[in-house]
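Written out below as structure tokens is the structure these notes cover.
Protein chains in written order, with this note's numbering: chain A, 563 to 810; chain B, 87 to 437.
Now the structure itself:
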């Protein structure tokens, strides 16, 4: 069985994000980028499925500018067999990415599409669901356990009421949550091996997709600074303060 | 000229940083310090699993075959996390030395695969250091004698422990008798090899010192953000900020010097030694400043056993004097600058 895993290049989670002075976005110059942490979990799951003998080939896919090749090299170091780079230097919104991934998934004939539940840059949480809708295939989101058996997969997902287990027919889209697994550290020999693995570069036109801009970023602003706290001496004072703020 | 590191260099150091961030917490390092050997088989096993022991070993012996530029960023990370292990002596220095022995040398074929798989620890003794680090744990000790290289098993040496201010360093005076049986390389080839070992060891020390400077700076910043005085975090006071900014400037200015030295070492440039000495001095100054300022920010409690800062300060002080103290490296630079016909000036910067 072949698995397609989407990986996104995002500002590293350790970077302290700064908003541009004109409010048009966040500062990305001189900032460290890395693979979206949820996509790392998706890659790790694909590798574990292969180690269990459930998967025979792992293909990593990304969409974006030339720098995204670094992210694909990381995916190859994780254990992907090969990678596909859909090169697009302009802004890529979730629907464009989903259409491109859906086209690649169809072309590759992969039975499973694994992706992070969301990317930590825009927190959109849309691409996986859109891919499933576009191809009219099953989807299971926020997976905390993935078991593949023949033409079906059992997915345990975290919901407010606890854990829910779904059975989906393959092909299917599975978006992964934080507690699915703990991604392995990349090993130096694997990073070296990744240099020799193939990356196929294609354009959006090659998969019959045009760039779409369904949404427009109006303004980006930093969160408001935390207001100074007030010390209260009694419970009554606390209750009064909460009432005054309309919180109780 | 491209001054940037390659993507794979960055990928190497990123992966090691992520690994050490989780696997080398200060609490665990303290536990290792207090063991009899001062070393952890578990940590060594994990370092080997990450491929660190195989980094310099040629592919034909099961390694990765990487060079000094790959190592320099990794040394920085090893310094940042103050890793208590003989990894650098074994995987960087001994590997360099063994790998340059004649192709038919039996020792090379025996030990390089063991270094690569992490099953061997090798100590390296050079006259610039009066003590040999980690000799007690070594499966093989490579010693200098009149520019010759000698290889010794543990039963061929007598070891006397010498405590270091840095508890994670296990230093030993090695008493031994050179003989034909122990000699693995004659002086005519050995001189060049030992020069290479010295430069690489000083380079590794410089890189670790840069990493340590950053760690001490980070500890100072963290503490200044949480410790309050007059109702505010002390980090909000300009006098404290300036102390920490001075350290950041020193560390940043040491980096290009360090990277030039690594580049010159990898390419075996003629000025390699001078650049390495410059790097060791720049990194040492940065680390001493980092230790002093961070301790001042901590209000001197940084020296107490309970705070983590003392671990990194002591490592910095020890490394500053290892593989050539400041006088040694200043002399190497002075000898170069003051030599008759010395080629100096802007036009020679990248020569």
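C-beta atoms are modelled at their ideal positions from N, C-alpha and C, and glycine is treated no differently.
Keep in mind the model is a prediction, meaning the values are calculated, not measured.
Practice task
Give the single residue among 133(B), 327(B), 177(B) whose Cα lies nearest to the Cα of residue 105(B).
Solution key: Within the second chain, residue 105(B) is the residue found at index 19, counting from 1. It is 133(B).
Exercise for the section: Indicate the three-state DSSP secondary structure (helix, strand or coil) for residue 363(B) in the structure shown. Expected result: Position 277 of the second chain holds residue 363(B). Here residue 363(B) sits in helix by DSSP.
Problem - Test item: CB-CB of residue 568(A) and residue 689(A) under 8 Å - result: Residue 568(A) sits at position 6 when you count from the first residue of the first chain. Residue 689(A) sits at position 127 when you count from the first residue of the first chain. It is a contact, given that the beta carbons lie within the stated cut-off.
Problem - Host alpha helix (DSSP H) of residue 689(A) (start-end) - result: Translated into positions along the first chain, residue 689(A) becomes position 127. Under the DSSP assignment, residue 689(A) falls in the alpha helix (DSSP H) whose first and last residues are 689-697.
Exercise for the section: Run down chain B in chain order and give the residues with a C-beta less than 8 Å from the C-beta of residue 749(A). Expected result: Start at 1 with the first residue of the first chain, and residue 749(A) comes out as number 187. Annotation: Cβ neighbours of residue 749(A) in chain B (cutoff 8 Å, chain order): 101, 135, 136, 137.
Practice task
For the beta strand (DSSP E) holding residue 300(B), just list the boundary residues, first then last.
Solution key: Here residue 300(B) corresponds to residue number 214 of the second chain, with the count starting at 1. First-last for residue 300(B): 273-312, but that is the alpha helix (DSSP H), not the beta strand (DSSP E).
Exercise for the section: Scan the stretch 635-649 of chain A for residues whose Cβ lies nearer than 9 Å to a Cβ of chain B and list them as they occur along the chain. Expected result: Hits within the stretch, in order: 635, 636, 639.
Exercise for the section: Just the chain A side, please: which residues come within less than 8 Å of residue 150(B) by C-beta, in chain order? Expected result: What you label residue 150(B) is simply residue 64 of the second chain in a count that begins at 1. Correct list: 750, 751, 754.
Practice task
Find out if the Cβ-Cβ distance for the pair residue 617(A), residue 595(A) is shorter than 8 Å.
Solution key: Along the first chain, read from residue 1 onward, the residue named residue 617(A) stands at position 55. Along the first chain, read from residue 1 onward, the residue named residue 595(A) stands at position 33. In this structure, residue 617(A) lies away from residue 595(A), with their beta-carbon atoms at least 8 Å apart.
Practice task
Could you tell me which chain A residues have their CB closer than 8 Å to the CB of residue 141(B), listed as they occur along the chain?
Solution key: Position 55 of the second chain, counted from the start, is the residue given in the question as residue 141(B). Contact annotation for residue 141(B) against chain A: 750 [CB-CB distance below 8 Å, chain order].
Problem - chain A within 8 Å of residue 93(B), Cβ atoms only - result: Here residue 93(B) corresponds to residue number 7 of the second chain, with the count starting at 1. Closer than 8 Å to some Cβ of chain A, the Cβ of residue 93(B) qualifies, so yes.
Problem - Cutoff 8 Å: residue 613(A) Cβ touching any chain B Cβ - result: What you label residue 613(A) is simply residue 51 of the first chain in a count that begins at 1. Not an interface residue.
Exercise for the section: Let me know if residue 600(A) comes out buried or exposed under the rule of 16 or more other beta-carbons within 10 Å of its beta-carbon. Expected result: Residue 600(A) sits at position 38 when you count from the first residue of the first chain. Buried: at least 16 other Cβ atoms inside 10 Å.
Practice task
Kindly indicate if chain A contains any beta-carbon less than 8 Å away from that of residue 316(B).
Solution key: As a position in the second chain, residue 316(B) is number 230, starting the count at 1. It does not; no Cβ of chain A falls within 8 Å.
Practice task
Since I believe residue 780(A) is in contact with residue 742(A) (beta carbons under 8 Å), could you give me their beta-carbon distance rounded to a whole number of angstroms?
Solution key: Numbered from its first residue, the first chain carries residue 742(A) at position 180. Numbered from its first residue, the first chain carries residue 780(A) at position 218. The C-beta distance from residue 742(A) to residue 780(A) rounds to 34 Å, too long to fall under 8 Å, and the pair is not in contact.
Problem - Ordered list of beta strand (DSSP E) runs contained in the stretch 592-646 of chain A, each at least 3 residues - result: The stretch 592-646 of chain A is shown to contain whole beta strand (DSSP E) runs of 3 or more residues at 595-597, 619-626, in chain order.
Handout entry: residue 704(A) in three-state terms, based on DSSP
Key = Counting from one through the first chain, the residue named residue 704(A) turns up at place 142. Three-state DSSP puts residue 704(A) in a strand.
Handout entry: Three-way DSSP call (helix, strand, coil) for residue 724(A) in this model
Key = In the first chain, counting from the first residue as 1, residue 724(A) sits at position 162. In this structure, residue 724(A) counts as strand in the three-state DSSP scheme.
Handout entry: chain B contact for residue 757(A) (CB, 8 Å cutoff)
Key = As a first step, residue 757(A) is located in the first chain; it is residue number 195 there, counting from the start. Judged by the 8 Å Cβ criterion, residue 757(A) is in contact with chain B.
Practice task
Would you mind stating whether residue 232(B) and residue 168(B) have Cβ atoms separated by less than 8 Å?
Solution key: The residue given as residue 232(B) occupies position 146 in the second chain. The residue given as residue 168(B) occupies position 82 in the second chain. 8 Å or more divides the Cβ of residue 232(B) from the Cβ of residue 168(B).
Handout entry: CB contact below 8 Å: residue 606(A) versus chain B
Key = Counted from its first residue, the first chain places residue 606(A) at position 44. Between residue 606(A) and chain B, the shortest Cβ-Cβ separation is not below 8 Å.
Exercise for the section: Can you give me, in chain order, the residues of the stretch 612-632 of chain A that have a beta carbon less than 7 Å from any beta carbon in chain B? Expected result: If the cut-off is 7 Å between Cβ atoms, the stretch 612-632 of chain A has 632 near chain B.
Practice task
Answer yes or no: does any C-beta atom of chain A fall closer than 8 Å to that of residue 104(B)?
Solution key: Stepping through the second chain from its first residue, residue 104(B) is reached at position 18. The beta carbon of residue 104(B) sits closer than 8 Å to some beta carbon of chain A.
Problem - Sufficient close CB pairs (3 or more, under 8 Å) joining the stretch 206-225 of chain B to the stretch 401-412 of chain B - result: Judged by Cβ distances under 8 Å, the stretch 206-225 of chain B makes contact with the stretch 401-412 of chain B, as three or more pairs qualify.
Handout entry: CA nearest to the CA of residue 224(B), picked from 208(B), 195(B), 218(B), 237(B)
Key = For the purposes of this step, residue 224(B) is taken as the residue at position 138 of the second chain. For the residues 208(B), 195(B), 218(B), 237(B), the minimum Cα distance to residue 224(B) belongs to 208(B).
Handout entry: Bridge-paired residues (DSSP) for residue 170(B)
Key = As a working mapping, residue 170(B) is identified with position 84 in the second chain. Residue 170(B) pairs with nothing; no bridge assigned.
Exercise for the section: Name the residue from 220(B), 158(B), 96(B) whose alpha carbon lies nearest to the alpha carbon of residue 126(B). Expected result: Working through the second chain from its first residue, we reach residue 126(B) at position 40. Across the set 220(B), 158(B), 96(B), the C-alpha of 220(B) shows the shortest separation from the C-alpha of residue 126(B).
Practice task
Measure from the alpha carbon of residue 415(B) to the alpha carbon of each residue in 426(B), 366(B), 428(B), then state which is nearest.
Solution key: Locating residue 415(B) in the second chain gives position 329, where the first residue counts as 1. With distances taken between Cα atoms, residue 415(B) lies closest to 366(B).
Practice task
Anything in chain A within Cβ reach of residue 98(B), meaning under 7 Å, just list it in chain order.
Solution key: In the second chain, residue 98(B) corresponds to position 12, counting from 1. What residue 98(B) touches in chain A: 750, 753.
Problem - Whole-number beta carbon distance between residue 705(A) and residue 718(A), since they are thought to touch under 8 Å - result: Taking the first chain and counting its residues from 1, the one referred to as residue 718(A) is at position 156. Taking the first chain and counting its residues from 1, the one referred to as residue 705(A) is at position 143. Beta-carbon to beta-carbon, residue 718(A) and residue 705(A) are separated by about 7 Å, close enough to satisfy the 8 Å threshold.
Exercise for the section: With DSSP collapsed to three states, give me the class of residue 782(A). Expected result: Taking the first chain and counting its residues from 1, the one referred to as residue 782(A) is at position 220. Here residue 782(A) sits in coil by DSSP.
Exercise for the section: Let me know the secondary structure DSSP gives residue 316(B) once reduced to three states. Expected result: Reading the second chain from its first residue, position 230 is the one you call residue 316(B). Looking at residue 316(B) - three-state DSSP - the assignment turns out to be coil, as it is neither helix nor strand.
Handout entry: Candidates 615(A), 586(A), 606(A), 637(A), of which the one nearest residue 97(B) by Cα
Key = Working through the second chain from its first residue, we reach residue 97(B) at position 11. In terms of Cα proximity to residue 97(B), the closest of 615(A), 586(A), 606(A), 637(A) is 637(A).
Problem - Endpoints, the alpha helix (DSSP H) within which residue 185(B) is located - result: The residue labelled residue 185(B) in the question sits at position 99 within the second chain. Note, residue 185(B): alpha helix (DSSP H), 181-185.
Exercise for the section: Specify the secondary structure class of residue 102(B) as computed by DSSP and reduced to three states. Expected result: Against the second chain, residue 102(B) aligns to sequence position 16. Helix, per DSSP.
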